[in-house]
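Chains as they are written, first to last, in this note's numbering: chain A, 17 to 367; chain B, 17 to 367. Structure record follows, encoded as structure tokens.
There are 2 protein chains.
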Amino acid sequence: LVWNHVLMNEGPQISPSGLPPTVDWAGDHAVIIDQTLLPAELRLVAIRTVDEMIAAIKRLAVRGAPAIGVAGAMGVAVAAIAAEREGRPVAWVHLEADRLAVARPTAVNLRWAVERVRPAIEFGAPAVVAAALAIRDADIASGMAVAARAADLVIDLCGTPVNVQTHCNAGSLACAEVGSALSVVRALHFRGALGVVHVDETRPLLQGARLTAYEMNALGVNYRVQVDGAGPSAIRLGLVNCVLIGADRIAANGDVCNKVGSYPLALAAARAGIPFVVVAPESTLDPMTPDGTAIEVEERSEDEVLLWGDRHICPPGARAWNPAFDVTPADLVSAVVTEARVIRPNRGERL
Amino acid sequence: LVWNHVLMNEGPQISPSGLPPTVDWAGDHAVIIDQTLLPAELRLVAIRTVDEMIAAIKRLAVRGAPAIGVAGAMGVAVAAIAAEREGRPVAWVHLEADRLAVARPTAVNLRWAVERVRPAIEFGAPAVVAAALAIRDADIASGMAVAARAADLVIDLCGTPVNVQTHCNAGSLACAEVGSALSVVRALHFRGALGVVHVDETRPLLQGARLTAYEMNALGVNYRVQVDGAGPSAIRLGLVNCVLIGADRIAANGDVCNKVGSYPLALAAARAGIPFVVVAPESTLDPMTPDGTAIEVEERSEDEVLLWGDRHICPPGARAWNPAFDVTPADLVSAVVTEARVIRPNRGERL
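Structure (structure tokens):
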């Protein structure tokens with residue numbers, strides 16, 4: 017069991033979530049938690065080839081914009097090591113990096129991280145590994161920094177206790193190990209400022225029910241899982257006073273692309289007059305994309321909606337529309353909080 | 017197989033949905049489709065006791081506000097027949113009626129229908145049966161009348177083709193046999209005015225994926241099933257130009273109580289400037305309830321959210337919040353269409 021990453025070289029040999037790192041490096045290969053098996057099983061999987069990493073990203077064994085960024089960078093490191101072992105040219109590593117960059121289309125972190133390590137390729141595998149680990153460490157540091165800043169902001173905006181509505185999983189399982197939105201939940205909890213957390217189950221792949229609930233359980237906070245259609249009701253009824261979510265890409269004007277089902281929470285929050293706060297690392301910001309209309313939203317397999325495991329939910333012949341993400345217009349976004357700053361898109365602030 | 021109800025004594029020996037009646041009467045007992053088994057199996061179940069009827073209503077074997085109204089009335093008829101057979105007093109039938117009226121709390125049709133047949137109790141079982149059948153026939157006639165009126169309205173508001181977003185199942189399976197919102201879809205289809213129908217799967221019990229998809233399949237229309245979180249995106253992206261849903265109760269001011277997940281569609285429709293149209297029989301209107309805050313929203317078992325069949329989705333110890341319905345404020349409701357009239361709550365019109 018690989019559970020040996022020391023957070024920032026301080027503290028105990030586990031991450032603050034109580035889980036092993038979501039994406040870790042083990043000398044010459046990557047190690048990920050296979051999130052498709054949670055919460056039933058916590059299985060760590062060694063990733064020794066680019067094909068394995070791409071498959072893990074595509075099937076959401078590793079998911080969450082920051083985590084797949086780190087995974088993409090480590091995928092390039094795996095390629096660089098393979099190239100040296102097998103006597104392949106540098107150009108081959110670049111082609112492998114190209115394949116990694118497009119394993120999923122929407123989260124900008126994946127492409128960002130691959131391009132970030134790419135210049136190291138010409139300096140050999142150890143340089144690529146070091147560059148990938150730097151991205152991993154920056155992600156962890158980002159989670160720590162954003163948590164404090166966002167917790168300050170949320171307490172300022174909402175008072176205490178903060179009762180949180182969240183969606184999907186923007187936790188340690190979405191990042192290298194600390195998390196974005198759920199790192200704020202953790203900070204609020206440790207400050208004694210947290211009330212209850214309402215967790216959308218997040219169909220079709222149930223990242224909320226499976227992963228966020230798992231993290232909330234580990235943290236020992238008071239939480240309730242609900243169907244996605246109930247989130248806006250929780251807001252309307254005043255059961256929560258803050259929406260805290262992550263993001264997969266944020267456009268220059270502040271439009272936020274996140275897991276499908278985020279937009280209805282933003283609509284409900286605006287109507288109820290409660291803050292809709294997006295927590296993400298700077299690597300999720302995409303100033304080159306002018307607004308949400310320019311973001312490619314991944315459409316995933318219809319079977320994710322039509323089947324449950326191998327059992328048909330729908331009648332034979334049914335078709336599905338399965339966008340993985342939605343776009344929340346900037347005017348509904350109260351704040352984007354990163355490790356570096358607070359941006360207020362609904363006040364017209366741009367990235 | 018009981019498939020012999022002649023619609024209004026006209027036309028072929030099947031209902032316009034192509035399905036047997038959702039709730040039917042067979043001489044001395046009721047017959048329902050067990051909707052928990054759809055779409056895998058179309059099973060008709062005989063209901064010979066009040067306990068059986070209450071259990072069927074509670075476990076959603078029969079569901080949909082109009083359908084459980086008819087079921088409640090037929091439950092009183094079953095009680096009246098049992099009383100005569102077993103020599104029980106009229107007061108006993110009234111007590112059985114009391115139990116039926118509260119089998120589920122939110123839909124007003126159930127209580128309405130039970131109270132509607134109650135005066136017949138003193139005239140004996142045949143009178144109660146006749147009163148229950150009158151409610152059934154009125155429900156069927158209502159579905160036919162509302163379909164034409166609402167189709168006219170929707171074409172007027174949206175032009176053609178009408179691309180529909182719906183939620184849950186407001187179809188023949190929610191009524192005695194014609195349906196509310198889906199009767200309008202059917203009318204639009206037969207007029208050549210229907211484009212595509214976006215069907216929310218409707219967690220936790222998947223009435224959309226299981227039942228509405230089943231009805232759309234039978235009707236041969238172009239439809240797509242989507243997760244509930246995607247409905248507001250379908251609206252935002254212009255994939256649909258009209259929301260058509262049913263209702264479980266409508267308050268005097270026009271606040272609409274319907275399956276949880278309806279409110280986010282109303283928010284998205286208002287933002288996109290497309291009509292949010294509620295289709296329901298007059299028996300769903302509740303002028304005695306001033307507004308949505310006075311409606312008791314049923315909270316159902318946490319296991320509906322936490323389990324899939326007998327398999328745990330969430331980690332051990334997880335808790336759920338499982339409201340069956342939500343309330344859409346009147347200002348977001350473009351129209352309530354019944355067999356008798358069109359009400360425009362967002363213009364301040366009251367019931």
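Just so you know, even glycine gets a beta-carbon here, dropped at the ideal spot from N, CA and C. What you are looking at is a predicted structure, and each value in this text was computed from that prediction instead of being measured.
- When only Cα atoms are considered, asparagine 269 (chain A) and alanine 113 (chain A) end up about 29 Å apart.
- For proline 339 (chain B), the chain A residues whose Cβ falls inside 7 Å of its Cβ are Ala246, Ser249, in order along the chain.
- Proximity to alanine 62 (chain A) across A:Asp155, A:Val295, A:Cys174, A:Gly91 peaks at A:Gly91, based on C-alpha coordinates.
- Proximity of the segment 90-110 of chain B to the segment 125-137 of chain B meets the contact definition, three or more beta-carbon pairs being nearer than 8 Å.
- Around valine 276 (chain B), the beta-carbon contacts reaching into chain A at under 7 Å are Val243, Gly245, Ala246, Ser249.
- Taking every protein chain shown into account, the CB of glycine 364 (chain A) has fewer than 16 other CB atoms within 10 angstroms, so this residue is exposed.
- Between the beta-carbon of alanine 192 (chain A) and that of arginine 152 (chain A) there is about 5 Å, and that keeps the pair under the 8 Å contact cut.
- Proximity of alanine 123 (chain B) to chain A, defined by a Cβ-Cβ separation below 7 Å, is not satisfied.
- Closer than 7 Å at the C-beta level to chain B, one finds these residues of the segment 278-289 of chain A: Tyr279, Pro280, Leu283, Ala284, Arg287.
- DSSP places aspartate 50 (chain B) outside both helix and strand once states are collapsed to three, so it counts as coil.
- Note that the C-beta distance between alanine 209 (chain B) and valine 178 (chain B) is below 7 Å.
- Look at leucine 60 (chain B) here: in three-state DSSP terms it is strand.
- In this structure threonine 182 (chain B) is buried. Its beta-carbon is surrounded by 16 or more other beta-carbon atoms within 10 angstroms.
- In the DSSP assignment, leucine 204 (chain B) falls within the unbroken alpha helix (DSSP H) covering 197-206.
- Annotated as distal: threonine 228 (chain B) and asparagine 274 (chain B), with beta-carbon spacing of 7 Å or more.
- In the structure shown, valine 124 (chain A) falls within a helical segment according to DSSP collapsed to helix, strand and coil.
- Within 10 angstroms of the beta-carbon of proline 345 (chain B) lie 16 or more other beta-carbons, which makes it buried.
- Judged by their CB atoms, aspartate 244 (chain B) and glycine 245 (chain A) are nearer to each other than the 7 Å cut-off.
- Using a CB distance cut-off of 7 Å, arginine 219 (chain A) counts as an interface residue toward chain B.
- Between valine 86 (chain B) and valine 39 (chain B) the beta-carbon gap is near 5 Å, inside 8 Å, which marks them as a contact.
- Taking 7 Å as the cut-off, the Cβ atoms of valine 213 (chain A) and valine 194 (chain A) do not count as close.
- With contact defined as three or more Cβ pairs closer than 8 Å, the segment 251-259 of chain B and the segment 317-330 of chain B are not in contact.
- Residues of chain B whose Cβ lies closer than 8 Å to the Cβ of asparagine 185 (chain A) do not exist, since the nearest Cβ in that chain is about 13 Å away.
- Rounded to whole angstroms, the separation of the alpha carbons of tryptophan 41 (chain A) and alanine 141 (chain A) is 13 Å.
- In the three-state DSSP reduction, tryptophan 337 (chain A) falls in the coil class, being neither helix nor strand.
- Restricting attention to beta strand (DSSP E) runs no shorter than 3 residues, the segment 219-281 of chain A encloses them at 238-242, 258-261, 265-267, 272-275, ordered along the chain.
- When DSSP states are grouped into helix, strand and coil, arginine 327 (chain B) belongs to the strand group.
- Scanning the segment 156-186 of chain B from its first residue to its last, the whole beta strand (DSSP E) runs of 3-plus residues come out as 178-182.
- By the rule that beta-carbons nearer than 7 Å mark a contact, cysteine 258 (chain A) does not touch chain B.
- Going by beta carbons, leucine 322 (chain B) and alanine 336 (chain B) fall inside the 7 Å limit.
- Residue pairing by DSSP puts histidine 214 (chain A) in a beta bridge opposite A:Gln181, A:Arg240.
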